[in-house]
Amino acid sequence: MSPATLPPLPDDATAAVVVPALHAGGAIGRAVASALSQDLVAEVVVAAGDAATARAAIEAADGDPRLRVVDNPSGRTPDALNAAIAASSAEVVVRLDAHAVLPDGYVARAVQTLRRTGAANVGGRQVPVAEQGFARAVAVAMVSPAGAGGATYRTGGAEGPVDTVYLGVFRRAALDAVGHYDARFTRNQDAELNVRLRAAGHEVWFDPELAVEYRPRDSVRGLASQYLQYGRWRRLTGRTHQGSLSLRQLAAPTLVLGLAVAFALSALTGWWMVFGLALATYAAALIVAAAPFVPAMHLVPKVALALGTMHLAWGIGFLLGPPRMTHVEASRAGDADR
Numbered sequence: 224m225s226p227a228t229l230p231p232l233p234d235d236a237t238a239a240v241v242v243p244a245l246h247a248g249g250a251i252g253r254a255v256a257s258a259l260s261q262d263l264v265a266e267v268v269v270a271a272g273d274a275a276t277a278r279a280a281i282e283a284a285d286g287d288p289r290l291r292v293v294d295n296p297s298g299r300t301p302d303a304l305n306a307a308i309a310a311s312s313a314e315v316v317v318r319l320d321a322h323a324v325l326p327d328g329y330v331a332r333a334v335q336t337l338r339r340t341g342a343a344n345v346g347g348r349q350v351p352v353a354e355q356g357f358a359r360a361v362a363v364a365m366v367s368p369a370g371a372g373g374a375t376y377r378t379g380g381a382e383g384p385v386d387t388v389y390l391g392v393f394r395r396a397a398l399d400a401v402g403h404y405d406a407r408f409t410r411n412q413d414a415e416l417n418v419r420l421r422a423a424g425h426e427v428w429f430d431p432e433l434a435v436e437y438r439p440r441d442s443v444r445g446l447a448s449q450y451l452q453y454g455r456w457r458r459l460t461g462r463t464h465q466g467s468l469s470l471r472q473l474a475a476p477t478l479v480l481g482l483a484v485a486f487a488l489s490a491l492t493g494w495w496m497v498f499g500l501a502l503a504t505y506a507a508a509l510i511v512a513a514a515p516f517v518p519a520m521h522l523v524p525k526v527a528l529a530l531g532t533m534h535l536a537w538g539i540g541f542l543l544g545p546p547r548m549t550h551v552e553a554s555r556a557g558d559a560d561r
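Oh and the sequence shown: position 125 is 348 in the numbering used here, straight run, nothing missing.
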């Protein structure tokens, strides 16, 4: 599709930072403070799903009139994002998560990149940060080729057009044109929005100079739950937008199916060495994949465990598909499929 053309950003363009937040009373203050400290930010809108988070956001703003808190009774991220966007009016919309902090100069750089490239959405690197425990292993796994899944926003790379970016800084005109976030997508709503932006002829642009720190999960259970949801909702994105799946995204479900077949064969024949060999081969591959990226060799087993958890949970989630939708959501999904 030919590139869509957006009107030039005005010289005096300002930005609105939108923050979906639920049970984030301990973190939202840092997010709000980092947003209010940015140049060009005229509005910070927190869509809060609970009263404690709303109070913490107001306290962090310390009377700054640029903060606005709106209710998000559903607690769902896409509803929060859409409510915050609707409550703002700036020409540029900056997504910020409640547990993230914007570095100095982030918004000004992003606006400059929007203006320079003509893109509809720009973003940069997701930088996982953890000093100890299992979270440190997850941080290493996330930026390794075996854990990043080819995502430029995790591995880094040259500036240019990409499929998706972390968080995102959007032209409001482009968001208005494609209809904001799809409320069906409890997870993966950012990637789904970027699919629609690109289908409309807009560019999603990666700028490696933009980076936001991210705190990864600190337990196997938490990581597995997170990646199970990622896989389930990516399945819905693929179903809704035919052709949006890449071959690399089919690797994890293929792995799960392969291990399941090996288990079934072993159970039917009694030759458990078939399943054992499959597991041993996969475990060895994880160790080989982890070893070049660990800062210390004693982390190799934990990083391998993190990689395996990410692969298997994502693959199982993809095969399961999204949770059963309500009748209204199913109707919308049918409309989108058509």
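Just so you know, even glycine gets a beta-carbon here, dropped at the ideal spot from N, CA and C.
GLY252 and ALA283 have their C-alpha atoms roughly 5 Å apart. Per DSSP, reduced to three states, the secondary structure at ASP399 is helical. Around the beta carbon of THR228, fewer than 16 other beta carbons sit within 10 angstroms, so the residue counts as exposed.
In this structure, VAL435 and TYR404 do not form a Cβ contact; the two beta carbons are roughly 19 Å apart against a cut-off of 8 Å.
Where VAL267 is concerned, the enclosing beta strand (DSSP E) starts and stops at 264-271.
By the CB criterion at 8 Å, ASN344 and ASP386 fall outside the cutoff. Closest in C-alpha terms to ALA381, from the list ALA396, ARG348 and HIS425, comes ARG348. For ASP430, the enclosing beta strand (DSSP E) starts and ends at 427-437. It is roughly 20 Å from the alpha-carbon of ASP287 to the alpha-carbon of GLU314.
Here PRO243 is bridged, per DSSP, to ALA270. Following the DSSP letters along the chain, one finds GLN412 inside the alpha helix (DSSP H) bounded by residues 412-422.
Between the stretch 420-438 and the stretch 317-337, the count of C-beta pairs closer than 8 Å reaches three or more; the two stretches touch. Burial check for SER367: the Cβ neighbour count within 10 Å reaches 16 or more, so the residue is buried.
Per the C-alpha coordinates, the member of LEU263, ARG458 and TRP428 positioned closest to ILE539 is ARG458.
Taking the Cβ atoms as the reference, ALA238 lies roughly 17 Å from ALA270, outside the contact range of under 8 Å.
Each residue's CA atom was taken as its position, placing ARG359 and ASP441 some 8 Å apart. For TYR404, no beta strand (DSSP E) run applies, since DSSP gives it neither H nor E.
A residue is called buried when at least 16 other Cβ atoms come within 10 angstroms of its Cβ; LEU304 meets this threshold and is buried. DSSP, read as helix, strand or coil, puts VAL511 in helix. In summary, SER469 is exposed, with fewer than 16 beta-carbon neighbours lying within 10 Å of its beta-carbon over all protein chains present.
Nearest neighbour of PRO243 by Cα position, chosen from ALA309, ARG462, GLN335 and GLU426, turns out to be ALA309. Distance check between GLY461 and each of GLY531, ASN411 and ALA447 places ASN411 closest, using alpha-carbon atoms only. Taking 8 Å as the cut-off, the Cβ atoms of VAL264 and ILE281 do not count as close. For the pair LEU530 and ALA512, the CB atoms are nearer than the 8 Å cut-off.
In this structure, VAL316 is the residue among VAL316, VAL330 and SER257 with its C-alpha nearest to the C-alpha of ALA396. Around the beta carbon of VAL352, fewer than 16 other beta carbons sit within 10 angstroms, so the residue counts as exposed.
Around the beta carbon of MET496, a 10 Å sphere encloses fewer than 16 other beta carbons of the protein chains shown; the residue is thus reported as exposed. The straight-line gap separating the alpha-carbon atoms of ALA256 and ALA342 is approximately 27 Å. Rounded to the nearest whole angstrom, the C-alpha separation of ILE510 and ALA274 is 45 Å. Secondary structure within the stretch 454-506: the alpha helix (DSSP H) runs of 4 or more consecutive residues, fully enclosed, are 474-492 (chain order). By a beta-carbon distance limit of 8 Å, VAL267 contacts ALA258. Their separation comes to about 5 Å.
Per DSSP, LEU325 lies in no beta strand (DSSP E) segment and is marked neither H nor E. Taking 8 Å as the cut-off, the beta carbon of PHE429 is found closer than this to the beta carbon of THR375.
One Cα belongs to HIS521, the other to VAL361, and the distance between them is close to 14 Å.
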